[in-house]
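Quick note on numbering: the sequence shown equals residues 1 to 87 in UniProt numbering.
Here the structure comes first, spelled out in structure tokens, and everything after it is commentary.
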Amino acid sequence: MDVKAEAEKLEGWELKDEKLIKKFKFERFLDGIEFVNMLAQHAEKEQHHPGIRINYTTVTVVWTTFSTHELKERDIEGAKATDKIYG
Numbered sequence: 001m002d003v004k005a006e007a008e009k010l011e012g013w014e015l016k017d018e019k020l021i022k023k024f025k026f027e028r029f030l031d032g033i034e035f036v037n038m039l040a041q042h043a044e045k046e047q048h049h050p051g052i053r054i055n056y057t058t059v060t061v062v063w064t065t066f067s068t069h070e071l072k073e074r075d076i077e078g079a080k081a082t083d084k085i086y087g
């Protein structure tokens, strides 16, 4: 799989420095927290974890393989799962 080509197909995700980055907006703070909790459950199941930043009603998610500082297939799958969780 050409991960860079696959990354370009992801709607709303920015590819920067071997990282996939996307901001998710919510009506309420607790809606964002619920999203983060669902994403955390998925990440634990897959044993692959994103960077997550919560800023009131905006949640920023970063997928990369932190151990090697490069984008891999697991990060593409993580981004797709994140979009699915968001709905």
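Each residue gets a CB set at the ideal place from its N, CA and C atoms; glycine is no exception.
Closest residue to residue i among the options (Cα-Cα distance)
i: L15; options: I76, T82, Y86, D83; result: I76
i: T65; options: V59, Q47, Q41; result: Q47
i: R28; options: D2, Q41, Y86, T58; result: T58
i: E8; options: I85, K84, E73; result: E73
Supposed close pair residue i, residue j - CB separation, criterion 8 Å
i: G12; j: P50; result: Between P50 and G12 the Cβ distance is about 15 Å, and since that is not below 8 Å, they are no contact.
i: K23; j: T60; result: 5 Å
Residue interval of the alpha helix (DSSP H) (run including residue i)
i: G32; result: 29 to 46
i: G78; result: 73 to 86
i: E8; result: 3 to 9
Where the beta strand (DSSP E) through residue i begins and ends
i: T65; result: Note, T65: premise wrong, no beta strand (DSSP E); not H, not E.
i: E14; result: 14 to 16
i: F24; result: 19 to 25
Exercise. Below 8 Å, can you find three or more Cβ-Cβ pairs linking the region 14 to 34 to the region 54 to 73?
Worked result: yes
Exercise. For the region 47 to 63 against the region 25 to 32, are there 3 or more C-beta pairs whose distance is under 8 Å?
Worked result: yes
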